[in-house]
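A.B. asks: Let me give you the structure first, and then I'll get to my questions.
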Amino acid sequence: MRFIFKRILVASVAILLSVTFALAQTKWLPDFYGQAGYISISDPEAVMVGSLAPGQTLKIGLKDVGLFTGHICPGAASGFMLTKMALKELFGKQIPERGKIRIATMPNNDLANVAAYITGILPMNLLGEHPDLIVDPKLKPQKPGKLVLIFQRKDTGKMVKAVFNKAKIEDAQTKKAIFAYKKRFAAGRANEEEIDEMGALIQNLVKKIILDTSRDLFKITPCSKYKFPNQ
Numbered sequence: 017m018r019f020i021f022k023r024i025l026v027a028s029v030a031i032l033l034s035v036t037f038a039l040a041q042t043k044w045l046p047d048f049y050g051q052a053g054y055i056s057i058s059d060p061e062a063v064m065v066g067s068l069a070p071g072q073t074l075k076i077g078l079k080d081v082g083l084f085t086g087h088i089c090p091g092a093a094s095g096f097m098l099t100k101m102a103l104k105e106l107f108g109k110q111i112p113e114r115g116k117i118r119i120a121t122m123p124n125n126d127l128a129n130v131a132a133y134i135t136g137i138l139p140m141n142l143l144g145e146h147p148d149l150i151v152d153p154k155l156k157p158q159k160p161g162k163l164v165l166i167f168q169r170k171d172t173g174k175m176v177k178a179v180f181n182k183a184k185i186e187d188a189q190t191k192k193a194i195f196a197y198k199k200r201f202a203a204g205r206a207n208e209e210e211i212d213e214m215g216a217l218i219q220n221l222v223k224k225i226i227l228d229t230s231r232d233l234f235k236i237t238p239c240s241k242y243k244f245p246n247q
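Take the position in the sequence shown, starting the count at 1, then add 16; the result is the number in the working numbering.
So this is what it looks like as structure tokens:
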């Protein structure tokens, strides 16, 4: 078990360092990513292995998430913003700490991958699972267009329900156009103009997610009655 733990720990640090190095080498096209702000979070394991000095925190931005996911799309942007708001509600002026956060997600929720990356809940126990990241079918909303996560502080038990209302930014026409572009791209039939048009549509949605606060895209509410399935 000790050997496996060391392998997991080394792999976790390797991912963190590789993302940090890649960030210094990568220049993203849009200039508005920085306006998403940053999430400060502590990582005791990073201190333990000597990657961070005691008291030093990780500063994670949307560009870091882009290196983890491979791109910055509406899912990456909304996952970052939703996690940022949820952690703010849970911890207030305190610095969130990896290892003290538990997440439950509805099925087929890309935002959960981003939240797991930020909070350090990665499926690295060699089984593709993590006890602090639970998929709960009961969280699936009755009406489509919303993505739901539950965040919990393991030290206090405090929970919040975090909802991203995707339907608020993506109308039927935009959704149809992006689907058509993606289909042509996957088949290798999209020309350069179509690829540019698809990118512009998608990045326009990303910009709305980051900058537009008037659409009620995100909702963070206290949640005391939810019970994690594995508890």
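Note that the Cβ used here is the ideal one computed from N, Cα and C, for glycine as well.
Roughly how many angstroms lie between the CA atoms of Asn125 and Pro90, to the nearest whole one?
C.D. replies: Using only the alpha carbons, I get a separation of about 12 Å.
A.B. asks: Examine chain B for any beta-carbon lying closer than 9 Å to the beta-carbon of Met64, and answer yes or no.
C.D. replies: In summary, chain B is missing from the structure at hand, where a single protein chain is found.
A.B. asks: Terminal residues of the continuous beta strand (DSSP E) containing Pro123?
C.D. replies: Per DSSP, Pro123 belongs to no beta strand (DSSP E) and is neither H nor E.
A.B. asks: I'd like the span of the alpha helix (DSSP H) that includes Thr172, first residue to last.
C.D. replies: Per DSSP, Thr172 belongs to no alpha helix (DSSP H) and is neither H nor E.
A.B. asks: I think Ile57 touches Ile119, with their Cβ atoms under 8 Å apart; what is that distance to the nearest whole Å?
C.D. replies: That pair is no contact at about 14 Å.
A.B. asks: Do Thr121 and Leu165 come within 9 Å of each other at the CB atom, strictly closer than that value?
C.D. replies: The answer is yes: Cβ separation under 9 Å.
A.B. asks: Using CA coordinates, which residue listed in Ala183, Ser67, Tyr49 is at the minimum distance from His14?
C.D. replies: Because the chain spans 17 through 247 in this model, residue 14 falls outside it and cannot be assessed.
A.B. asks: For Asp171 and Phe195, I'd like the C-alpha separation in whole angstroms.
C.D. replies: Roughly 43 Å between the two C-alpha positions.
A.B. asks: Does DSSP put Gly95 in a helix, a strand or coil?
C.D. replies: Three-state DSSP puts Gly95 in a helix.
A.B. asks: Please classify Met64 as buried or exposed, where buried requires at least 16 neighbouring CB atoms within 10 angstroms.
C.D. replies: Per the 10 Å Cβ criterion, exposed.
A.B. asks: Can you grab the Cα-Cα spacing for the pair Leu45 / Lys243, in whole Å?
C.D. replies: Looking at the two C-alpha atoms, the distance is approximately 42 Å.
A.B. asks: Helix, strand or coil: how does DSSP classify Leu149 here?
C.D. replies: Three-state DSSP puts Leu149 in a strand.
A.B. asks: On the criterion of 16 or more Cβ atoms from any shown chain inside 10 Å, does Leu227 qualify as buried, or is it exposed?
C.D. replies: Burial call: exposed.
A.B. asks: Given the structure, does Ile117 come close to the ligand MN, in the sense that its CB is under 8 Å from one of the ligand's heavy atoms?
C.D. replies: The ligand content of the structure shown is nil, which means the ligand MN is not present either.
A.B. asks: Using the C-alpha atoms, what's the distance from Asn129 back to Arg169?
C.D. replies: For Arg169 and Asn129, the distance between alpha carbons rounds to 18 Å.
A.B. asks: Tell me which residues share the same chain as Arg200 and place their Cβ nearer than 7 Å to its Cβ, disregarding the 5 neighbours each side in the sequence.
C.D. replies: If we look at Arg200 and ignore the five residues flanking it on each side, its Cβ neighbours are Ala206, Glu210.
A.B. asks: May I have the straight-line CA-CA distance separating Phe84 from Tyr197, to the nearest angstrom?
C.D. replies: Whole-angstrom Cα-Cα distance: 24 Å.
A.B. asks: Could you please give the first and the last residue of the uninterrupted beta strand (DSSP E) stretch that includes Ile55?
C.D. replies: Ile55 -> beta strand (DSSP E) spans 54-57.
A.B. asks: For the alpha helix (DSSP H) that Thr229 lies in, which residues bound it at each end?
C.D. replies: Where Thr229 is concerned, there is no enclosing alpha helix (DSSP H), given that its DSSP letter is neither H nor E.
A.B. asks: Taking Thr85 as part of the alpha helix (DSSP H), name the residues at either end of that continuous run.
C.D. replies: Thr85 -> alpha helix (DSSP H) spans 78-85.
A.B. asks: Thinking Ile185 and Ile225 are a contact (beta carbons under 8 Å), I'd like their distance in whole angstroms, please.
C.D. replies: 7 Å between Cβ atoms; contact.
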